[in-house]
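Going by this note's numbering, the sequence shown opens with residue 264, and the numbers climb by one from there.
By construction, the Cβ of each residue, glycine as well, lies at the ideal position given by its N, Cα and C atoms.
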Amino acid sequence: MDNKIIIGIVIVAILIVGGYIYFNTGPVVSAQGVASIKAMPDEVSVNVNVETRDKTAQLAQETNKKISDKLLVELIRIGYDRDELKFVNYYANPEYDWSSGRQNIKGYVVSQQLVVKTKDVTKVPGIIDAVISSGALVSYINFEISDAKQTEYKNKALEEASKDAMTKAQSIASGQGKKIGRLVSITNQDYNYPGPLNYYARDASASMEVANAGALKAATNLAPNEQEITASILAEYRLRMF
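Rendered as structure tokens:
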């Protein structure tokens, strides 16, 4: 083999090894980046409970169905599609009387919930009216950040946290007279959305009429507060040799 070719191969090998050593050895610097974003809820959810009691399970179920059907009609009348309205957490259980010191069935209770959501706060009083006129009960009213907005805010928070980590790493390196080189690793440590913000919750001891009146009053004065979304990133960079 020509000596020039051999020398060329040796030089290339040295460059490859040298490059590997340069980029994959030596000190590293790590930094935690954090970000906090203020986000305004863009959705209101009204949790409705349809609960009925009677001497037999059948009678309690029949009454529950009548109220539920009427509630659906009222909500559809104010603009909701049937597909948007799904009852959940259905249960039918006996109720017991222990006053005699013994377990005696005094009747049956049937319950199911419906969560009604809207992005227009002006529609909430109408939702409450539909609940009241059907004979159901408002359990609570929450402000929430919709799934689409959560994704948007999450991406933004993670991006800002990543930039913060890089800035901090560069500052640490500068303190040692160095500059950061290539990114070695980056880890998503934390993302936090605090969840729904409760605006109204019924008093469990209040009657249905009093509780619904309180919900209607709350619905006419809706005022959401900003929520804080946070993110944390851990990044590691190789220090440049020169």
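Where residue i falls: helix, strand or coil (DSSP)
i: Lys318; result: coil
i: Thr521; result: Because the chain here runs from 264 to 505, residue 521 falls outside it and cannot be looked at.
i: Asp332; result: helix
i: Leu446; result: strand
i: Thr493; result: strand
i: Val280; result: Caution is warranted here: a pLDDT of 45 is assigned to Val280, below 50, making its placement in the model unreliable, and the coordinate value is therefore given only provisionally. Reduced to three states, the DSSP call for Val280 is helix.
i: Lys301; result: strand
i: Gln452; result: strand
i: Asn418; result: helix
i: Pro388; result: helix
i: Leu485; result: coil
i: Asp360; result: strand
i: Gly398; result: coil
i: Arg365; result: coil
i: Gln439; result: coil
i: Arg503; result: coil
i: Ile341; result: coil
i: Gly370; result: strand
Proximity winner among the options, relative to residue i (alpha-carbon distances)
i: Ala294; options: Asn475, Thr430 and Arg445; result: Thr430
i: Val307; options: Lys380, Asp346 and Gln324; result: Lys380
i: Ala393; options: Ile341, Asp427 and Leu348; result: Ile341
i: Ala302; options: Arg501, Glu491 and Met504; result: Glu491
i: Leu460; options: Asn484, Lys386 and Glu489; result: Glu489
i: Asp453; options: Pro290, Val297 and Lys318; result: Val297
i: Glu512; options: Gln366, Tyr371 and Leu348; result: No answer is possible for residue 512: the residues shown for the chain start at 264 and end at 505.
i: Tyr463; options: Ile404, Ser448, Leu502 and Gly438; result: Ile404
i: Val336; options: Leu348, Thr326 and Glu325; result: Leu348
i: Gly389; options: Leu479, Tyr500 and Thr319; result: Leu479
i: Ala482; options: Gln321, Ile300, Asp317 and Val387; result: Val387
i: Met471; options: Ser402, Gln433, Leu485 and Lys441; result: Ser402
i: Val373; options: Asp360, Asn367, Asn356 and Ser362; result: Asn356
Neighbour-count burial assignment, residue i, 16 or more Cβ in a 10 Å radius
i: Thr450; result: exposed
i: Thr414; result: exposed
i: Asn418; result: exposed
i: Tyr353; result: exposed
i: Val309; result: buried
i: Pro304; result: buried
i: Ala498; result: buried
i: Ala469; result: exposed
Residue-level contact to chain B via CB, residue i, 8 angstroms cutoff
i: Asp383; result: Structure shown: chain B not included; a single protein chain is present.
Expected contact under 8 angstroms - CB spacing of residue i and residue j to nearest Å
i: Ala399; j: Val313; result: 5 angstroms
i: Lys333; j: Ser397; result: 4 angstroms
i: Leu377; j: Phe350; result: 5 angstroms
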